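Participant: Sequence order for the protein chains is A and R. The UniProt record's numbering applies: residue 1 is where the first sequence begins, and numbers increase by one. The UniProt record's numbering applies: residue 1 is where the second sequence begins, and numbers increase by one. Every residue, glycine too, gets a C-beta built ideally from N, C-alpha and C. The model shown is predicted, which means the values in this text are computed figures rather than measured ones. Dropping a structure here in structure tokens format, bear with me for questions.
Protein chains: 2
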Amino acid sequence: MPPRQHRPTLKDLATRLGISETAASFALNGRPGVSEQTRERVLALAEELNWAPNHAARTLSGITSMTVGFVLTRDVQEFGMESFYLRLLTGAQFVLSSRGYALLFQMTHSVDEELAVLRRWSKERRVEGVIISDLRRADPRPAFLKELGLPAVLAGGPDPKRLLPAVTVDDGVAMRLLVEHLQQTGCRRLAYVSGPAELLHVHRRIGAFRKAASGVLADPGVVHTDYSEEQGLAATRRLIEADDRPDALVFDNEVLAVAGVRALRAAGLLAEISVASCEDSAICVALQPSLTAVRRDPTVFGEAVARKLLRLVDSPDGPAARPDIEAQQPTIVVRESTPQR
Amino acid sequence: MPPRQHRPTLKDLATRLGISETAASFALNGRPGVSEQTRERVLALAEELNWAPNHAARTLSGITSMTVGFVLTRDVQEFGMESFYLRLLTGAQFVLSSRGYALLFQMTHSVDEELAVLRRWSKERRVEGVIISDLRRADPRPAFLKELGLPAVLAGGPDPKRLLPAVTVDDGVAMRLLVEHLQQTGCRRLAYVSGPAELLHVHRRIGAFRKAASGVLADPGVVHTDYSEEQGLAATRRLIEADDRPDALVFDNEVLAVAGVRALRAAGLLAEISVASCEDSAICVALQPSLTAVRRDPTVFGEAVARKLLRLVDSPDGPAARPDIEAQQPTIVVRESTPQR
DNA sequence: TTCCTAAACTAAAGCGCATTAGTTCACCTC
DNA sequence: GAGGTGAACTAATGCGCTTTAGTTTAGGAA
């Protein structure tokens, strides 16, 4: 491996052209104060020498670091099953890079670790803002970020205390669509297999689900899981072994839904119980039977999050700080798993 | 949002303690030249003021930026279907952060864009090294990176010209296992539904597959796709409509395999033709029938890649530069899709 | 006492850029 | 021809840290 090249500096450019660094800097940054002729000479030489401003130097001089961060606290094990985060990341990523921003990405094992990462990034002045997700009960992150004064957007809000701006999903609509569809296909006793109770969006979805069902159907049973396959299986078994067995199961994401389908098949009840997933993905299509699912494009969601964060970074007290954005109206994709009964 | 706090600087620490910046710096960096007593006072105050070194300043003074990059060129559309990359990223991520390294992540639409990103990162001195993947025919990246003198590791090599160190997968073993298993279950005419021909690993796998089959079975037919579901469907249809219809189909990844299963089911041939995937994932388990697959944990793979890159960054000419590493021996997981015939 | 040495500490320069506060100089006005 | 003006350019400083090359001081040896 050859030694890392000596990269030309602004001084090199200036010296070779016989001008001051200032002039070169002005030329390169499109500021007035240099003649057109000089500007062109500088730009030409910069091109020739393959010059680019040293990122650290630029940042140190008070220019923005053009970097935002994304920390994700997940259990390593389950990770990679859900496609949600990769797609979120993809969407955010493309918006950011189209605006010249880089993305610093880190996963952690716990919220405490995540706090440490956020603190470090802020202290080191490494990022202009951050994306966070998966708000929990009594989550310390919003207050912490507010205290740090670090611009942040919550992917999948809202923040109950309104400390952080968020890009939200309208769970009300999603759940109404789902419940309506199940009702119309003849289901009467719903049950919901959900995620960990400490996640706020889990809470919200359950609330929305109950509300959508209320008045029309019996109050649905709700079971919590840690989003793992095992607990998905176990939860499903418990539900279908109960006395008043439900005739439709709604799963909080596709991983749980897949586990649920397995449990139903094993119990020979797949034909009798409808199944739906609150997250759509390739697996929902591939499965036999294919799964009815709520669809909201996580990529589009990620794009909205990134855009909001950039607006916030540009003007921390601007309008972006205030209202939460709703990324998109969720729709429902009806497939084989919820036949007319 | 409160204004971003004024972060204390080294100077602040030094002034408040009545010592020089140098002394403070020595104390904080564990260097000799300060008394134990002074060191402790500095550390205590740093803690109290919540001080951390400004990252840009540190980098500018020649310290490593403690950052590596990962650029990924993928078609946005297909992305998110395969879980491979997210898992790779996860593995790499955890190794990096455990060593204090941050990961700069960017996706691009084309190799040219990717080259531009790599060049920029190198010129700006933003990263100490990079991870690249998906080597293509006549891929310009290895030579380019070598010329830049930027440490790089190829995830999924080897690099045919040996310009870059790589973490490789033993496709020979994988394909031998697969072919052997198919043969033992009674299959005689294999076919392979593969990815784009310009990807080197696609090429290598096909070669390994052919070699594994040679002498034992008829030369397998090979069809290329762009990894999309549509082409997976089309390719499968073409294969099963041919005169000498294969009795086993091997798919290069799970997305193709899923499409293939759909095509087979539609043609009513699912019971007669065995199916296997060269990539394992949750979907292979969930599918009906569940899919026999080659397994190699992408997370472990990512860990190996990160470790190799860090060794390379630490000593660019050290032993890490030379031999390619084999991440792990692939195994085969036999499931329902390849029954005894 | 003098001289030497190591420990503890400091002054100052440098990293590569941006920016403020000038300085020159040609050109224009009255 | 004095005074004014704006364009083109430069010197010098700062960003926050690391590091080199000292300087000071206490303590020990001779």
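Can a CB atom of chain R be found closer than 8 angstroms to the CB of L287/A?
Facilitator: So yes, L287/A belongs to the interface.
Participant: If you draw a straight line from the alpha carbon of R106/R to that of E230/R, how long is it in whole angstroms?
Facilitator: For clarity, residue 106/R is Gln in the given sequence; the question names Arg instead. Taking the straight line joining both Cα atoms gives about 27 angstroms.
Participant: Are L312/R and V130/R touching if we call contact CB-CB under 8 angstroms?
Facilitator: No, the Cβ-Cβ distance between L312/R and V130/R is not below 8 angstroms.
Participant: Starting from S97/R, find everything on chain A with Cβ-Cβ shorter than 7 angstroms and list it in chain order.
Facilitator: What S97/R touches in chain A: Q106.
Participant: Less than 8 angstroms between CB atoms is the rule here; does residue 343/A satisfy it with respect to chain R?
Facilitator: Residue numbering for chain A in the displayed model covers 1 to 341; residue 343/A lies beyond these limits and cannot be assessed.
Participant: I need the boundaries of the beta strand (DSSP E) containing I131/A, first residue and last residue.
Facilitator: Element bounds for I131/A: G129 to S133.
Participant: What residues in its chain sit with their C-beta under 7 angstroms from that of S20/R, if we drop five residues either side in the sequence?
Facilitator: Once the five neighbours on either side are set aside, the close Cβ partners of S20/R are A14.
Participant: Taking only three categories from DSSP, how would you classify Y192/R?
Facilitator: Strand at Y192/R.
Participant: Spatial neighbours of W121/A within its chain, please: C-beta separation below 6 angstroms, excluding the five flanking residues on both sides.
Facilitator: Once the five neighbours on either side are set aside, the close Cβ partners of W121/A are G69 and V127.
Participant: Using a C-beta cutoff of 8 angstroms, does D324/A count as contacting chain R?
Facilitator: Output row for D324/A: interface = no.
Participant: Considering only residues of the same chain and omitting the five flanking positions on each side of A46/R, which have a CB-CB separation below 7 angstroms?
Facilitator: These residues qualify, in order along the chain: L13 and L28.
Participant: List, in order along the chain, the chain R residues whose C-beta lies closer than 8 angstroms to that of T9/A?
Facilitator: Going along chain R, no residue has its Cβ under 8 angstroms from T9/A, so there is no contact; the nearest lies around 11 angstroms.
Participant: Report buried or exposed for N54/R, applying the criterion of at least 16 other Cβ atoms within 10 angstroms of its Cβ.
Facilitator: With 16 or more other Cβ atoms within 10 Å, it is buried.
Participant: Specify the secondary structure class of H224/A as computed by DSSP and reduced to three states.
Facilitator: Strand at H224/A.
Participant: Within the same chain, show all residues whose beta-carbon is closer than 8 angstroms to that of S274/R, passing over the 5 residues directly before and after it, in chain order.
Facilitator: So the list reads L182, T185, C187, D247, A248, L249, T292, S337, T338, P339 and R341, once near-sequence residues are dropped.
Participant: Can you tell me the Cα-Cα spacing of P323/A and K146/A, whole angstroms?
Facilitator: Their Cα atoms are separated by approximately 16 angstroms.
Participant: I'd like the list of long-range same chain contacts for L104/R, defined as Cβ closer than 8 angstroms, with 5 residues on each side in sequence excluded.
Facilitator: Cβ neighbours of L104/R beyond the five flanking positions: T67, V68, G69, F70, W121, R126 and V127.
Participant: I need the straight-line Cα distance from G156/A to P298/R, nearest angstrom please.
Facilitator: Cα to Cα, the separation comes out at about 28 angstroms.
Participant: For the putative contact between G195/R and D159/R, defined by C-beta atoms under 8 angstroms, what is the C-beta separation to the nearest angstrom?
Facilitator: With a Cβ gap of about 18 angstroms, G195/R and D159/R do not count as contacting.
Participant: Please confirm whether R237/R and A259/R have their CB atoms less than 8 angstroms apart.
Facilitator: No, Cβ-Cβ distance for R237/R and A259/R is not below 8 angstroms.
Participant: For residue 405/R, which residues in the same chain have their Cβ closer than 7 angstroms to its Cβ, ignoring the five residues on either side in sequence?
Facilitator: Not covered by the structure: residue 405/R. The range shown for chain R is 1 to 341.
Participant: State the DSSP-derived secondary structure class of M107/A, mapped to helix, strand or coil.
Facilitator: Reduced to three states, the DSSP call for M107/A is strand.
Participant: Which of the three DSSP states is assigned to R58/A in this structure?
Facilitator: Note: R58/A maps to helix in three-state DSSP.
Participant: Which residue from A306/R, A138/R and V300/R puts its Cα closest to that of Q329/R?
Facilitator: Taking only the C-alpha atoms, the option nearest Q329/R is V300/R.
Participant: So with Cβ pairs under 8 angstroms, would you call V275/R a contact of chain A?
Facilitator: Chain A, which has no Cβ nearer than 8 angstroms to the Cβ of V275/R, makes this no.
Participant: For the beta strand (DSSP E) that S286/R lies in, which residues bound it at each end?
Facilitator: Note on residue identity: the sequence assigns Ala, not Ser, to residue 286/R. Unbroken run through A286/R is the alpha helix (DSSP H), A282 to A286; no beta strand (DSSP E).
Participant: Using a 10 Å radius around the Cβ and a threshold of 16 neighbouring Cβ atoms, would you call G80/R buried or exposed?
Facilitator: Its pLDDT being 49, under 50, G80/R is placed unreliably by the model, and the measurement read from it follows with that caveat. Label assigned to G80/R: buried.
Participant: Identify whether V76/A lies in helix, strand or coil by the three-state DSSP scheme.
Facilitator: Confidence in V76/A is poor, its pLDDT being 49 and thus under 50, which makes the residue's placement too unreliable to answer from.
Participant: Among W51/R, A102/R and R87/R, which residue has its Cα nearest to the Cα of L310/R?
Facilitator: Measuring from the Cα of L310/R, the nearest candidate turns out to be A102/R.
Participant: Take I283/R and list the residues in its own chain whose beta-carbon comes closer than 7 angstroms to its own, dropping the five residues that flank it on each side.
Facilitator: Counting only Cβ-Cβ distances below 7 angstroms, and skipping sequence neighbours, we find E254 and V258.
Participant: Could you please tell me which residues of the segment 113-137 of chain R, in chain order, have their CB closer than 7 angstroms to any CB of chain A?
Facilitator: Residues passing the 7 angstroms Cβ filter: R120, K123, E124, R125 and R126.
Participant: Does any CB atom of chain A fall closer than 8 angstroms to the CB of R16/R?
Facilitator: Answer no: the Cβ-Cβ gap between R16/R and chain A never drops below 8 angstroms.
Participant: Would you say P165/A and K11/A are within 8 angstroms of each other, going by their C-beta atoms?
Facilitator: It is not a contact, given that the beta carbons lie outside the stated cut-off.
Participant: So which residues on chain R does Q93/A lean against when the C-beta distance must stay under 8 angstroms?
Facilitator: Going along chain R in sequence order, the residues near Q93/A (Cβ under 8 angstroms) are F105, Q106 and M107.
Participant: In angstroms, rounded to a whole number, what distance separates the CA positions of R137/R and L163/R?
Facilitator: Straight-line Cα distance between these residues: approximately 14 angstroms.
Participant: Going along the segment 45-60 of chain R in order, which residues come within less than 9 angstroms of chain A, judged by CB to CB distance?
Facilitator: So the list reads N50, W51, A52, P53, N54, H55, A56, A57, R58, T59 and L60, given in the order they occur along the chain.
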